[in-house]
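In case it helps, the numbering used here puts the sequence shown at residues 1 to 84.
Cβ atoms here follow ideal geometry from the backbone N, Cα and C, with glycine treated the same way.
Source: prediction; values computed, not measured.
Since the structure comes first, as structure tokens, the remarks are kept for the end.
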Amino acid sequence: MDFPLLPTSLVGSYSLPHWLNVVRESGREGRLIEKQLEEAHDNAVKSCIKDQEVAGLDFITDGELRRETMVYFFSKNMLRHTQK
């Protein structure tokens, strides 16, 4: 595969759309089923990918949109491993 001289990519998390925060809150409150949350995350990732394609990035990511926050992600996983 041939790469450009200076390949471009997204580094870090993509900005979370406001509507996804609203959907997540609805999920935490039990107003949505898991399938609805998955569809919302899928739509957010598709939008993120489209933005990167339009920008002409060489390497496309999912923007880490399914992860709530870096701190939450690591603390949740650390707790899971310490409780075994």
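- With a cutoff of 8 angstroms on beta-carbon distance, aspartate 58 and valine 45 are scored as not near each other.
- In this model, glutamate 53 and isoleucine 60 are separated by some 7 angstroms (Cα to Cα).
- Alanine 55 counts as exposed, since fewer than 16 other beta carbons sit within 10 angstroms of its beta carbon.
- Around the CB of valine 22, fewer than 16 other CB atoms lie within 10 Å, so the residue is classed as exposed.
- Under DSSP, the beta-bridge partners assigned to phenylalanine 59 are Ser9.
- In the three-state reduction of the DSSP assignment, phenylalanine 74 falls in the helix class.
- Burial state of leucine 65 is buried, judged by a 10 Å Cβ sphere holding 16 or more other Cβ atoms.
- DSSP places arginine 28 in the uninterrupted alpha helix (DSSP H) bounded by 18–28.
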